[in-house]
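Notes for the one structure printed next.
Protein chains: 2
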Amino acid sequence: MISMLSFLLPRMLLAMPAVDLSQSSLQLSLDGHKFHLDPYWLRERCLSQLSVDLSTLQPLLNPHELPMDMTFENASILGNDTLQVAFTDGHTSKYQLKTLLAELTDFRSNPIQPAQYERPRPSLWSGDLQLTSYNHHDIITNEEVRLNLTEMLLTKGVALVKKIPKEHGIVTAFAKNMSTLRTTDWGPFFNVRVTPDTAGKTAKQDLAYTGKAIGLHTDNPYRDPTPDFQLLHALEHCSCNGKAPCDGCSVLNYIVDGFYIAELLRNESQESYDLLSSIPVRFENNGGDGTSALVTMFPHLELSHDKKEIQAVRFSAKSGQYAPALSPEMAAKFYQARRRFSELAHQPEHALTMQFEPGDILVFDNRRVLHARSHIPANDAARWVQGCYMDRDGLWYAFERLRRIVRGA
Amino acid sequence: MISMLSFLLPRMLLAMPAVDLSQSSLQLSLDGHKFHLDPYWLRERCLSQLSVDLSTLQPLLNPHELPMDMTFENASILGNDTLQVAFTDGHTSKYQLKTLLAELTDFRSNPIQPAQYERPRPSLWSGDLQLTSYNHHDIITNEEVRLNLTEMLLTKGVALVKKIPKEHGIVTAFAKNMSTLRTTDWGPFFNVRVTPDTAGKTAKQDLAYTGKAIGLHTDNPYRDPTPDFQLLHALEHCSCNGKAPCDGCSVLNYIVDGFYIAELLRNESQESYDLLSSIPVRFENNGGDGTSALVTMFPHLELSHDKKEIQAVRFSAKSGQYAPALSPEMAAKFYQARRRFSELAHQPEHALTMQFEPGDILVFDNRRVLHARSHIPANDAARWVQGCYMDRDGLWYAFERLRRIVRGA
Chain V
1 MISMLSFLLP RMLLAMPAVD LSQSSLQLSL DGHKFHLDPY WLRERCLSQL SVDLSTLQPL
61 LNPHELPMDM TFENASILGN DTLQVAFTDG HTSKYQLKTL LAELTDFRSN PIQPAQYERP
121 RPSLWSGDLQ LTSYNHHDII TNEEVRLNLT EMLLTKGVAL VKKIPKEHGI VTAFAKNMST
181 LRTTDWGPFF NVRVTPDTAG KTAKQDLAYT GKAIGLHTDN PYRDPTPDFQ LLHALEHCSC
241 NGKAPCDGCS VLNYIVDGFY IAELLRNESQ ESYDLLSSIP VRFENNGGDG TSALVTMFPH
301 LELSHDKKEI QAVRFSAKSG QYAPALSPEM AAKFYQARRR FSELAHQPEH ALTMQFEPGD
361 ILVFDNRRVL HARSHIPAND AARWVQGCYM DRDGLWYAFE RLRRIVRGA
Chain S
1 MISMLSFLLP RMLLAMPAVD LSQSSLQLSL DGHKFHLDPY WLRERCLSQL SVDLSTLQPL
61 LNPHELPMDM TFENASILGN DTLQVAFTDG HTSKYQLKTL LAELTDFRSN PIQPAQYERP
121 RPSLWSGDLQ LTSYNHHDII TNEEVRLNLT EMLLTKGVAL VKKIPKEHGI VTAFAKNMST
181 LRTTDWGPFF NVRVTPDTAG KTAKQDLAYT GKAIGLHTDN PYRDPTPDFQ LLHALEHCSC
241 NGKAPCDGCS VLNYIVDGFY IAELLRNESQ ESYDLLSSIP VRFENNGGDG TSALVTMFPH
301 LELSHDKKEI QAVRFSAKSG QYAPALSPEM AAKFYQARRR FSELAHQPEH ALTMQFEPGD
361 ILVFDNRRVL HARSHIPAND AARWVQGCYM DRDGLWYAFE RLRRIVRGA
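First to last, the protein sequences are chains V and S.
Counting in UniProt numbering, the final residue of the first sequence is number 409, and the numbers go up one at a time with none missing.
Counting in UniProt numbering, the final residue of the second sequence is number 409, and the numbers go up one at a time with none missing.
Printed below as a string of structure tokens:
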């Protein structure tokens with residue numbers, strides 16, 4: 001009955017809002033909660049023309065330009081939906097109670113300057129994920145399909161786009177249409193073939209440019225920032241018509257949700273998870289041709305500031321991930337934790353196994369999804385995969401923009 | 001006398017290296033230090049062809065592919081400069097003692113895959129900094145000058161380049177020559193004029209595109225990753241021939257070393273520094289035209305994992321930097337800390353004050369250096385500044401490459 005009421009009546013009426021001033025703190029009773037609000041907290045949310053540029057809502061004042069030791073002069077509730085506050089410097093501000101409540105109960109999701117905002121959250125998966133594939137033509141022509149793909153990349157971290165023209169360089173055009181391109185010293189793209197990559201000024205070598213099998217890894221953990229999303233376009237590729245491996249084509253690709261693997265590890269051992277998320281290891285690269293050096297230090301698992309959420313996985317045997325010298329006890333635990341992460345990641349049931357069809361672009365979150373490929377036999381048909389990186393920032397921007405266009409307010 | 005000896009004699013001879021095995025730990029006595037080494041730590045440094053690709057030195061094995069519970073079978077010093085270790089799985093590795101010692105005493109600076117490596121460290125400055133300026137022609141034609149500029153950007157975080165053709169778009173060509181370009185949803189560049197920017201598909205508004213004064217800030221803290229370096233190219237600009245302000249031109253630019261300001265704050269109050277480096281605030285933007293939303297949460301000061309070094313400053317009143325609701329005691333301390341940071345940053349003696357000459361490009365580290373500009377009077381001459389962002393990663397790459405070319409091994 002209560003839930004019926006809360007659906008039918010405006011929320012504010014369930015409990016009368018009230019405000020109480022004592023000393024420098026303001027107590028706001030709202031929707032059954034009591035909040036203690038600081039004068040500067042409220043003042044930095046003032047949207048009057050003395051506080052913000054009215055066209056963009058951007059604050060005008062720097063923190064030191066607010067009066068020192070400012071506090072409340074007066075506070076009252078107007079019309080059951082507005083808080084009015086007078087500050088000791090003579091300024092008065094009004095706030096919508098529902099706006100304050102939204103921010104007080106979910107700080108991250110309720111910005112002030114943008115009118116609306118949604119941010120898709122990662123949803124974990126194992127080897128039984130059904131890889132969603134999209135038709136290139138639909139993505140170009142249909143904003144709803146492009147929104148769907150964008151959301152898929154931000155939630156599952158992986159998607160397959162099919163029937164893309166098998167043209168040199170088109171993978172970067174595709175990335176620029178979805179987000180912004182992350183160029184590196186390799187140039188806007190790189191070529192994965194069983195030969196050094198000559199896309200840039202020199203021939204660059206890497207384990208990926210041999211026929212050797214490559215274990216599960218994320219790309220370029222030696223870069224800061226590490227590239228967000230990776231795109232791999234099969235320009236030339238053998239094909240078994242969905243029944244890989246076949247006689248003429250045995251190379252397979254594997255992808256694994258690193259966030260899921262981290263969660264498996266955490267369930268087995270919080271201590272192992274803590275070690276991999278706190279000890280920075282050294283990732284390295286010699287520039288591909290030995291003419292430079294890129295070196296970073298990151299823990300394998302990057303957590304949010306409150307440690308509650310995982311934000312990135314960095315894992316790549318070929319990039320070294322050299323651990324510092326630890327005490328014998330810590331070292332034993334650290335190497336056990338890393339071994340277990342690697343073991344869990346490589347358990348076949350956690351991997352999505354696939355083979356490219358010529359013209360496919362596989363897109364995946366390079367700070368989350370580990371990828372691998374099997375050995376390439378010398379008698380396999382030609383294989384030329386062109387890759388590039390794109391930014392998550394641009395995907396967030398595109399998601400919010402497309403969401404408003406397709407789904408409205 | 002000791003120091004003379006240590007200069008003249010090979011270091012290893014000062015104390016005879018020795019190795020001792022007991023249980024699973026190996027004790028290495030080296031150069032007066034004693035190190036306890038874990039078997040997996042040593043094994044991941046093995047450079048034999050069973051362990052690494054000999055052309056790139058990239059490790060071949062994933063962590064779970066090393067034997068479980070592997071330990072030492074045997075260890076000995078060969079010829080005073082080599083450690084030989086036999087592991088219980090039958091594998092034997094050799095290590096140069098000087099290489100091990102370098103990494104054990106300075107883990108960050110001694111990578112394994114790159115043959116050499118140097119990373120310039122930030123050097124703090126206040127308002128008495130003499131801004132180093134470079135001639136564009138020299139940067140294009142002389143690798144030593146380009147190395148010098150690159151090192152300046154990585155140490156001081158700011159430099160001025162003069163006599164650049166006043167051509168639309170050339171700022172991005174300059175950035176691509178120095179590093180890699182960071183494109184955003186605004187496109188490869190943006191235009192700072194007293195009118196909305198129409199460089200992209202729509203007219204984008206921002207406080208910067210008005211005549212209003214803008215306080216000290218870093219750009220785009222609402223992006224993740226936040227752009228590393230900013231370039232501002234004065235395409236059209238009034239000029240007072242070095243005696244700014246003058247009658248026809250009063251707009252001034254200010255830059256401040258945010259790392260220096262953070263250090264001033266830390267010296268005054270470690271507690272204030274800790275609050276600004278631990279409480280994430282919410283940065284926001286509406287896309288410039290209200291059609292999207294970008295929202296991030298970062299603390300104002302970003303520290304390294306060991307909390308010993310500052311890695312980024314994010315500070316921008318116009319990007320909101322809204323604080324979460326804190327307890328009354330915490331809120332009072334937090335707002336006091338932020339006020340003080342803002343106050344210190346805006347003290348004139350800490351700022352380098354300058355005015356563009358037409359054709360200048362000012363380059364600065366956008367995760368370190370705060371910038372501001374004064375009010376632009378309506379009667380000032382035309383002012384058109386074109387800006388873009390570039391990556392630090394590409395500067396690190398360029399520095400190491402140029403260093404080897406210009407200064408040798």
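Backbone N, C-alpha and C define an ideal beta-carbon position, used for all residues, glycine too.
Just checking: is the beta-carbon of residue i within a distance shorter than 8 angstroms of some beta-carbon in chain V?
i, result
"Q113/S", "yes"
"M178/S", "no"
"V295/S", "yes"
"S6/S", "For S6/S, the pLDDT reaches just 44, beneath the cut-off of 50, and the residue's location in the model is therefore unreliable, leaving the point undetermined."
"L102/S", "Position check: residue 102/S holds Ala in this sequence, whereas Leu was assumed. Taking Cβ atoms only, chain V never reaches closer than 8 angstroms to A102/S, which makes this a no."
"L326/S", "yes"
"S29/S", "no"
Using a C-beta cutoff of 8 angstroms, does residue i count as contacting chain S?
i, result
"G32/V", "no"
"G394/V", "yes"
"I376/V", "no"
"A312/V", "no"
"S342/V", "yes"
"A332/V", "yes"
"A323/V", "yes"
"H91/V", "no"
"P59/V", "yes"
"Y117/V", "yes"
"S292/V", "yes"
CB residue i to CB residue j, shorter than 8 angstroms?
i, j, result
"C240/S", "A381/S", "no"
"R223/S", "D393/V", "yes"
"Q386/S", "L235/S", "yes"
"F341/V", "L265/V", "yes"
"R383/V", "R193/V", "yes"
"Q116/V", "R401/V", "no"
"H136/V", "V161/V", "yes"
"L88/S", "E65/S", "According to the sequence provided, residue 88/S is Thr. The question's Leu does not apply to it. No."
"M390/V", "M178/V", "yes"
"R314/S", "T218/S", "yes"
"H375/S", "A208/S", "no"
"K204/V", "G288/V", "yes"
"F259/V", "Q321/V", "no"
"H371/V", "L216/V", "yes"
"I255/S", "V369/S", "yes"
Does residue i pass the burial test, meaning 16 or more other C-beta atoms within 10 Å, or should it be called exposed?
i, result
"N191/V", "buried"
"N62/V", "buried"
"S25/S", "buried"
"D106/S", "exposed"
"C246/S", "exposed"
"S316/V", "buried"
"R121/S", "exposed"
"T180/S", "buried"
"F7/V", "Because F7/V carries a pLDDT of 46, less than 50, the predicted location of this residue cannot be relied on, and no value is offered for it."
"P377/V", "exposed"
"P114/S", "buried"
"K318/S", "buried"
Name the two residues that bound the continuous alpha helix (DSSP H) containing residue i.
i, result
"R93/V", "Reading the sequence as shown, one finds Ser at residue 93/V and not Arg. Careful: S93/V lies outside any alpha helix (DSSP H), inside the beta strand (DSSP E) at T92 to Q96."
"R121/V", "Here R121/V belongs to no alpha helix (DSSP H), and DSSP marks it neither H nor E."
Just to confirm the assignment, what range does the beta strand (DSSP E) spanning residue i have?
i, result
"residue 430/S", "Residue numbering for chain S in the displayed model covers 1 to 409; residue 430/S lies beyond these limits and cannot be assessed."
"R282/V", "V281 to N285"
"A18/S", "A18 to S22"
"H233/V", "F229 to E236"
"Y389/S", "W384 to M390"
Proximal residues, the segment 227–240 of chain V versus chain S, C-beta separation under 7 angstroms: none
The segment 34–46 of chain S: positions lying closer than 8 angstroms to chain V by Cβ: F35, H36, L37, D38, Y40, W41, E44 and R45
Interface residues of the segment 344–361 of chain S facing chain V [CB-CB below 9 angstroms]: L344, A345 and H346
Contact residues within the segment 172–197 of chain S, judged by C-beta distance below 7 angstroms to chain V: T180, L181, T183, T184 and D185
Short-range partners of chain V found in the segment 126–143 of chain S, where Cβ spacing is below 8 angstroms: none
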